[in-house]
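K.L.:
Residues 240 to 609 in our numbering are what the sequence shown spells out, letter by letter.
If you scroll down you'll find the structure; I have some questions about it.
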Amino acid sequence: MMCDPLILAVPGVRGLVPYEPGKPIEELERELGVKNAIKLASNENPYGPSPRAQAAAVAALGHVSRYPDGGAFALKRALAGRLYVGERQITLGNGSNDVLELIARTFLSPGEVAVCDQFAFAAYPISVRGIGAEMIMVPSRDYAHDLEAMASALSPAVRMVFLANPNNPTGTWFSRDDLERFLAACPKSTIVVLDEAYFEYVSDAAYPDGRTFLDRHPNLIVVRTFSKVYGLAGLRLGFALSSPALADLMNRLRQPFNVNAVAQAAAIAALEDQAYVAEMAAINAQEREALRTSLAALGVTALPSVGNFLCLKVGDAPRLYQALLRTGVIVRPLGPYGMPHHVRVTVGRPEENARFLRELSVLLDPVRET
Ligand SMILES: *Cc1c(COP(=O)(O)O)cnc(C)c1O
């Protein structure tokens, strides 16, 4: 007789709920027969990568019979030069989700405790609970990280804390002073994981660059990605910046070929085209605020956001999500985050944002909060 497959899994995995990614366009078109669907559900760059990155990726396809450079010499040199860090401070991952999991596996044992915000990015609890450690979720304040409450939750027994700046799915962020205070209050035996997936989009002068805190805080790990402003989500490339000592530990566990050759080549070219990054960030800020203004005119409020997405309060969010799907517009309902009245929408191209607003204006009234 078959035994219960659940008992075959390690304890941490038994309680996991599968992550629900944004619905792929092809899946929607297959399921509902919708044509010309648009996806505003995974915070990708709607303009794609720099043409230089694309050309480098195509050229790299000519050499895929060879294993990639497991040490990623050229990419690390390019990153180190761009970010003013040492090459030995870099740990690469197959997307920053891979890096987050690597961090949990390197520094957390089963039964140990980590802390994050109530509405923090879903990859953190999955990585922590998957290895049988415990994740404590600290209540948010106005949907933002309550850094004082999070600091109060720390003790030497808490091995790790996750901060997302800005956070996804809320878009909220904290200042350099807030981070300074938090790090000063944090025990040196607690690893601080600072996720800056949207770093390049943020222009506010008070927004901190986590990298500049590394010298004074050897327990800090800053995580970034090529999936957002760089437009390379499909190639999977993220990285951690830390002290060389922490990077050495993570690199002992890292799969040697976790970053493929095409991603490495594309990323090097993408880093060289900083004019493109600046242009993408400027367009995003303009479109995001235009979208916010149009939403306000419809009576829909968005949380403050410095990323390439807005978190909207819409009433019956699952119903709105389904209704939008039938029009070919994919957004992200936030029920899995415990936000059943909110959806997250990625800032798209102007014509995509206009289509979203048009469909939303028709569908909004029946789902509005009663
Ligand atoms: C999108 C996102 C990432 C990026 O994940 P990748 O695995 O690099 O694609 C990481 N953290 C947050 C908070 C994000 O929103």
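Note that CB positions come from ideal geometry on N, CA and C, so glycine has one too.
Fair warning: this is a prediction, and the values are worked out from it, not measured in the lab.
Tell me whether Val249 sits in a helix, a strand or coil according to DSSP, three-state version.
P.N.:
Correct three-state label for Val249: coil.
K.L.:
For ligand 1, is there a heavy atom less than 7 Å away from the beta-carbon of Ser466?
P.N.:
yes
K.L.:
Output the residue ranges of the alpha helix (DSSP H) runs that lie fully inside the stretch 351-418 and measure 4 residues or longer, sorted by chain position.
P.N.:
362-369, 386-391
K.L.:
Which runs of the alpha helix (DSSP H) spanning at least 4 residues fall entirely within the stretch 455-532, listed in chain order?
P.N.:
Annotation: the stretch 455-532 contains the following complete segments of the alpha helix (DSSP H) (minimum length 4 residues), in chain order: 483-492, 500-511.
K.L.:
Cutting at 7 Å between CB atoms, please list the residues of its own chain near Arg368, excluding the five before and the five after it.
P.N.:
Around Arg368, the same chain offers Gly251, Gly254, Leu255, Met374 as residues with beta carbons nearer than 7 Å, after the five sequence neighbours per side are excluded.
K.L.:
Rounded to whole angstroms, what is the Cα-Cα separation between Pro402 and Ala298?
P.N.:
Note that residue 402 is Leu in the sequence shown, not Pro. Those two C-alpha atoms are separated by around 37 Å.
K.L.:
If you draw a straight line from the C-alpha of Glu590 to the C-alpha of Asn547, how long is it?
P.N.:
Answer to the nearest angstrom: the Cα atoms are 16 Å apart.
K.L.:
With distances taken between CB atoms, is the gap from Arg344 to Asp512 smaller than 8 Å?
P.N.:
no
K.L.:
Based on Cα-Cα distance, which residue from Glu340, Tyr440, Leu433 lies nearest to Asn458?
P.N.:
Leu433
K.L.:
Buried or exposed: Asn275, going by 16 or more other Cβ atoms within 10 Å of its Cβ?
P.N.:
Exposed, because fewer than 16 other Cβ atoms sit within 10 Å of the Cβ of Asn275.
K.L.:
Per DSSP, what kind of secondary structure is Leu602 in: helix, strand or coil?
P.N.:
In the structure shown, Leu602 sits in a helix (DSSP, three-state: H, G or I).
K.L.:
If Val582 and Leu551 are in contact, beta carbons under 8 Å, what's the gap, nearest whole angstrom?
P.N.:
5 Å
K.L.:
Does Asp337 come out as helix, strand or coil in the three-state DSSP assignment?
P.N.:
helix
K.L.:
Would you kindly report the start and end of the unbroken beta strand (DSSP E) that includes Leu318?
P.N.:
Leu318 -> not in any beta strand (DSSP E); alpha helix (DSSP H) instead, spanning 312-322.
K.L.:
Considering only residues of the same chain and omitting the five flanking positions on each side of Ala479, which have a CB-CB separation below 6 Å?
P.N.:
Thr330, Val338, Ile460, Val462
K.L.:
So is the beta-carbon of Phe360 under 7 Å away from any non-hydrogen atom of ligand 1?
P.N.:
Remark: the C-beta of Phe360 is in contact range of ligand 1, defined as less than 7 Å to any heavy atom.
K.L.:
If you drop the 5 nearest sequence neighbours on each side, which residues of the same chain put their C-beta closer than 8 Å to that of Gly574?
P.N.:
Ala556, Pro557
K.L.:
Give me the Cα-Cα distance between Pro426 and His456, rounded to the nearest whole angstrom.
P.N.:
10 Å
K.L.:
By DSSP, does Arg200 sit in helix, in strand, or in coil?
P.N.:
Only positions 240 to 609 of the chain appear in the structure, and residue 200 is not among them; the question remains open.
K.L.:
On the DSSP bridge list, what partners appear for Arg327?
P.N.:
None, per the DSSP bridge assignment.
K.L.:
Rounded to whole angstroms, what is the Cα-Cα separation between Arg450 and Leu534?
P.N.:
35 Å
K.L.:
What are the residues that DSSP puts in a beta bridge with His581?
P.N.:
Lys552
K.L.:
What number of angstroms, rounded off, separates the C-alpha of Ala361 from the C-alpha of Asp604?
P.N.:
30 Å
K.L.:
Less than 7 Å separating the Cβ of Asn336 from some heavy atom of ligand 1?
P.N.:
yes
K.L.:
For Val432, report the span of its beta strand (DSSP E) as first-last.
P.N.:
430-434
K.L.:
Is it right to say Asp356 is buried, meaning 16 or more other beta carbons lie within 10 angstroms of its own, or is it exposed?
P.N.:
buried
K.L.:
Does DSSP put Val297 in a helix, a strand or coil?
P.N.:
helix
K.L.:
Under 8 Å: do the stretch 495-506 and the stretch 519-530 share three or more Cβ pairs, one atom per stretch?
P.N.:
no
K.L.:
Exposed or buried, which one is Gln328 when buried takes at least 16 other CB atoms within 10 Å?
P.N.:
It counts as buried.
K.L.:
Determine the direct distance from the alpha carbon of Leu542 to that of Pro285, and round the result to whole angstroms.
P.N.:
21 Å
K.L.:
Tell me the DSSP secondary structure of Pro260 in three-state form.
P.N.:
coil
K.L.:
Label Tyr560 either buried or exposed according to how many other C-beta atoms from any shown protein chain fall within 10 Å of its C-beta, with 16 as the threshold for buried.
P.N.:
buried
K.L.:
By the 10 Å Cβ neighbour count, where 16 or more other Cβ atoms means buried, how is Ala359 classified, buried or exposed?
P.N.:
buried
K.L.:
Exposed or buried, Leu492, counting other C-beta atoms within 10 Å across all chains shown (16 or more means buried)?
P.N.:
exposed
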